[in-house]
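Residue numbers (the numbering used here): 0 to 479.
The C-beta atom is built at its ideal place from N, Cα and C for all residues, glycine as well.
Take a look at the structure set out below.
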């Protein structure tokens with residue numbers, strides 16, 4: 000209503016990065032949660048003396064007691080509540096001069112590169128918001144649990160979506176399975192979103208019969224995206240009673256733009272087959288003009304055979320205007336005809352459903368064969384002792400690259416995995432994969448960790464794991 004451009008910043012970033020983003024965006028006004036005062040104070044201390052920092056407004060908390068300018072080296076001009084009390088009831092709404100005017104600025108997560116500032120317009124986010132409500136069949140007055148960070152592509156447009164349908168927003172700071180289940184029961188949650196890591200967390204958490212019955216009776220709708228969900232996780236989540244929908248989007252598209260539109264006939268299939276179908280990203284939503292999988296060199300559509308790989312491209316009003324102050328990066332991923340090249344590798348199935356195979360940077364080339372890390376991860380997730388899995392390339396003197404699997408184990412796994420030595424554990428997991436994968440796709444290295452590194456949005460940081468695999472050096476020379 001004020002005519003300002005919204006920029007939600009990731010509060011889990013370090014102070015140096017926050018400082019860089021504030022300067023890059025030329026932020027003028029910054030709303031600060033009471034628990035982020037120290038972060039902002041340090042970030043602003045890194046500003047050069049010739050750059051004016053943004054004015055600060057404190058978002059207070061009923062539980063966390065903290066005076067306006069106490070325990071902080073920065074000064075706040077007011078609190079959010081104070082601004083509301085001083086508001087002018089006759090203030091005239093500042094409308095955009097043009098629907099193509101910028102509405103939001105979002106920085107990418109930077110899992111494969113440095114964060115870029117994605118600019119979206121009013122028109123694009125209106126289309127995305129309405130599209131998201133229709134595609135997920137959101138009814139009036141839902142109860143929405145924010146297991147998805149709002150700084151992640153503006154919560155996939157659902158802050159506006161929930162307002163449009165009169166929804167109740169349940170926000171949480173502490174993010175764990177126990178808290179989520181407690182809030183689901185207390186507030187009778189109907190809808191929630193999140194990356195597959197959220198489903199994995201909920202599926203592996205022990206719940207009592209009362210909670211199980213509530214989940215089965217109330218049927219909570221869960222929309223997952225952000226990474227290809229392993230079929231095994233979908234199976235476990237739906238067995239608990241969650242009704243899972245799966246989609247695909249990216250910061251540059253503003254929200255979910257490809258959805259696994261469910262066909263009623265698929266309900267007759269076994270649970271494992273339903274999960275396999277639901278793990279596919281799907282078809283374009285109505286707000287997207289065109290979607291395709293193309294050969295990145297020729298630009299021609301790949302065969303619809305479920306095997307031929309290409310890059311996902313999108314076109315429509317949902318696509319970003321471009322990257323802030325970065326015409327070079329914009330021109331690399333957007334064509335003059337409006338096509339956005341996403342960098343995601345996928346196949347197109349005969350029925351027109353798209354399925355992601357990898358990020359272009361995550362494809363492993365072993366002995367001249369392109370190997371999908373996602374396919375290997377799906378098999379690893381089928382192993383009952385594995386909680387998390389990520390596969391990256393490790394240098395190999397003979398093959399060029401070989402699959403290297405990083406895994407964490409389930410605390411209550413269905414095997415005696417915890418009693419095995421690291422060498423024996425590696426051998427057991429490799430043998431498990433060998434029985435289910437072509438030989439060249441079997442991980443040659445397995446690294447067991449307590450927890451895999453993740454971004455604040457729940458994505459496993461493969462860039463960190465790639466660096467770790469690279470630091471290991473060439474894998475043991477093997478021509479098998």
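Can you tell me whether DSSP reads residue 186 as helix, strand or coil?
Translated into the one-based positions of the chain shown, residue 186 becomes position 187. Helix.
Cβ shell of residue 433 (< 7 Å), same chain only, five flanking positions each side left out:
Residue mapping note: residue 433 aligns to position 434 of the chain shown, counting from 1. These residues qualify, in order along the chain: 441.
For the segment 377-385 against the segment 337-347, do three or more pairs of beta-carbon atoms, one drawn from each stretch, fall closer than 8 Å, so that the two count as touching?
no
Nonlocal neighbours in the same chain, by C-beta distance under 7 Å from residue 147, ignoring five residues either side
Position 148 of the chain shown holds residue 147. Answer for residue 147: 154, 155, 192 and 193, listed in chain order.
Quick one, which of 468, 136 and 246 has its alpha-carbon nearest residue 400's?
Translated into positions along the chain shown, residue 400 becomes position 401. The shortest Cα separation from residue 400 among 468, 136 and 246 belongs to 468.
Name the residue from 231, 195 and 241 whose alpha carbon lies nearest to the alpha carbon of residue 210.
The residue you call residue 210 lines up with position 211 of the chain shown. Nearest option by C-alpha distance: 241.
Measuring only the C-alpha atoms, how far is residue 423 from residue 226?
Against the chain shown, residue 423 aligns to sequence position 424. Against the chain shown, residue 226 aligns to sequence position 227. Going by the C-alpha atoms only, they are around 30 Å apart.
Residue 347 classed as buried or exposed, judged by whether at least 16 other C-beta atoms fall within 10 angstroms:
To locate residue 347, count along the chain shown from 1; it is residue 348. When all chains shown are included, residue 347 counts as buried.
Hey, which unbroken runs of the beta strand (DSSP E) at 3 residues or more fall wholly within the segment 231-315?
242-249, 254-258, 289-293 and 308-314
Pick helix, strand or coil for residue 405, following the three-state DSSP scheme.
As a position in the chain shown, residue 405 is number 406, starting the count at 1. Of the three classes helix, strand and coil, the one that applies to residue 405 here is strand, per DSSP.
Every unbroken beta strand (DSSP E) within the segment 4-40, with a cutoff of 3 residues, ordered by chain
28-32
Using 10 angstroms around the beta-carbon of residue 143, count the other beta-carbons present and answer buried if the total reaches 16, otherwise exposed.
For the purposes of this step, residue 143 is taken as residue 144 along the chain shown, with counting starting at 1. Residue 143 is buried by the Cβ-count criterion.
Outcome for residue 334 when other beta-carbon atoms lying within 10 angstroms are tallied against a minimum of 16
Mapped onto the chain shown, residue 334 falls at position 335. Per the 10 Å Cβ criterion, exposed.
With a 10 Å radius around its C-beta and 16 neighbouring C-beta atoms as the bar for buried, classify residue 170 as buried or exposed.
Counted from its first residue, the chain shown places residue 170 at position 171. When all chains shown are included, residue 170 counts as exposed.
Determine the closest residue to residue 162 out of 135, 128 and 188, with distance taken between C-alpha atoms.
Start at 1 with the first residue of the chain shown, and residue 162 comes out as number 163. Per the Cα distances, 128.
Limits of the alpha helix (DSSP H) - the one that residue 465 falls within:
The residue labelled residue 465 in the question sits at position 466 within the chain shown. Counting along the chain, the alpha helix (DSSP H) containing residue 465 begins and ends at 461-470.
Simplified DSSP state of residue 347, which is helix, strand or coil
Counting from 1 along the chain shown, the entry for residue 347 is found at position 348. Residue state, collapsed to three classes: strand.
Any idea what DSSP makes of residue 323, helix, strand or coil?
Against the chain shown, residue 323 aligns to sequence position 324. Note: residue 323 maps to coil in three-state DSSP.
To the nearest angstrom, how far is it from the Cα of residue 301 to the Cα of residue 295?
Counting from 1 along the chain shown, the entry for residue 301 is found at position 302. Counting from 1 along the chain shown, the entry for residue 295 is found at position 296. Their backbone Cα atoms lie some 10 Å apart in a straight line.
So residue 356 and residue 345 are supposed to be a Cβ contact under 8 Å. How far apart are they, rounded?
Looking up residue 356 in the chain shown gives position 357. Looking up residue 345 in the chain shown gives position 346. Indeed, because the Cβ distance is near 6 Å, the residues count as touching under 8 Å.
In whole angstroms, give me the CA-to-CA distance for residue 137 and residue 265.
As a working note, residue 137 is residue 138 in the chain shown. As a working note, residue 265 is residue 266 in the chain shown. Roughly 22 Å between the two C-alpha positions.
In DSSP terms, what residue 192 is bridged to
Here residue 192 refers to the residue found at position 193 when the chain shown is read from its first residue. Partner(s): 222.
Inter-residue Cα distance where the pair is residue 293 and residue 372
By 1-based counting over the chain shown, the position of residue 293 is 294. By 1-based counting over the chain shown, the position of residue 372 is 373. Using only the alpha carbons, I get a separation of about 20 Å.
Distance, Cα to Cα, residue 11 vs residue 63?
Translated into positions along the chain shown, residue 11 becomes position 12. Translated into positions along the chain shown, residue 63 becomes position 64. Approximately 19 Å, taken between the alpha carbons.
Using the Cα positions of residue 396 and residue 35, report the straight-line distance between them to the nearest angstrom.
Position 397 of the chain shown, counting from 1, holds the residue named residue 396. Position 36 of the chain shown, counting from 1, holds the residue named residue 35. Looking at the two C-alpha atoms, the distance is approximately 47 Å.
Does the beta-carbon of residue 110 have 16 or more other beta-carbons within 10 angstroms, so that it is buried, or is it exposed?
On the chain shown, residue 110 is found 111 positions in, with the first residue counted as 1. A caution first: residue 110 carries a pLDDT of 45, below 50, which makes its placement in the model too unreliable to give a value.
Does the segment 307-315 come close enough to the segment 284-291 that 3 or more CB-CB pairs lie under 8 Å?
yes
I'd like to confirm the pairing. Which residues does DSSP put opposite residue 444 in its beta bridges?
Taking the chain shown and counting its residues from 1, the one referred to as residue 444 is at position 445. The partner list for residue 444 (beta bridge, DSSP) reads 403.
Which stretch, first to last residue, makes up the beta strand (DSSP E) that contains residue 119?
Against the chain shown, residue 119 aligns to sequence position 120. That run of the beta strand (DSSP E) goes 116-120.
Quick check on the burial criterion: 16 or more other C-beta atoms within 10 angstroms. Buried or exposed for residue 178?
Taking the chain shown and counting its residues from 1, the one referred to as residue 178 is at position 179. When all chains shown are included, residue 178 counts as exposed.
Rounded to the nearest angstrom, how far is the Cβ of residue 31 from that of residue 57, given a contact under 8 Å?
By 1-based counting over the chain shown, the position of residue 31 is 32. By 1-based counting over the chain shown, the position of residue 57 is 58. At roughly 6 Å, the Cβ-Cβ gap stays under 8 Å, so residue 31 and residue 57 are in contact.
6 Å Cβ shell around residue 459 - same chain, five flanking residues per side excluded
The count along the chain shown starts at 1 and reaches residue 459 at position 460. If we look at residue 459 and ignore the five residues flanking it on each side, its Cβ neighbours are 389, 451 and 453.
Measure the beta-carbon distance from residue 352 to residue 246 and round it to whole angstroms, keeping in mind my assumption that it falls under 8 Å.
The residue labelled residue 352 in the question sits at position 353 within the chain shown. The residue labelled residue 246 in the question sits at position 247 within the chain shown. That belief does not hold up - the Cβ atoms of residue 352 and residue 246 are roughly 12 Å apart, past 8 Å.
Go ahead and label residue 319 buried or exposed: buried means 16 or more other beta carbons lie within 10 angstroms of its beta carbon, across all protein chains shown.
The residue given as residue 319 occupies position 320 in the chain shown. So residue 319 counts as buried.
Could you work out which residue in 272, 75, 244 and 326 is closest to residue 52 when comparing CA atoms only?
In the chain shown, the residue the question calls residue 52 occupies position 53. Of the listed residues, the one whose Cα sits closest to residue 52 is 75.
Beta-carbon contacts of residue 72 that lie in its chain and below 8 Å, excluding the five residues immediately before and after
On the chain shown, residue 72 is found 73 positions in, with the first residue counted as 1. Result list for residue 72: 40 and 44, in chain order.
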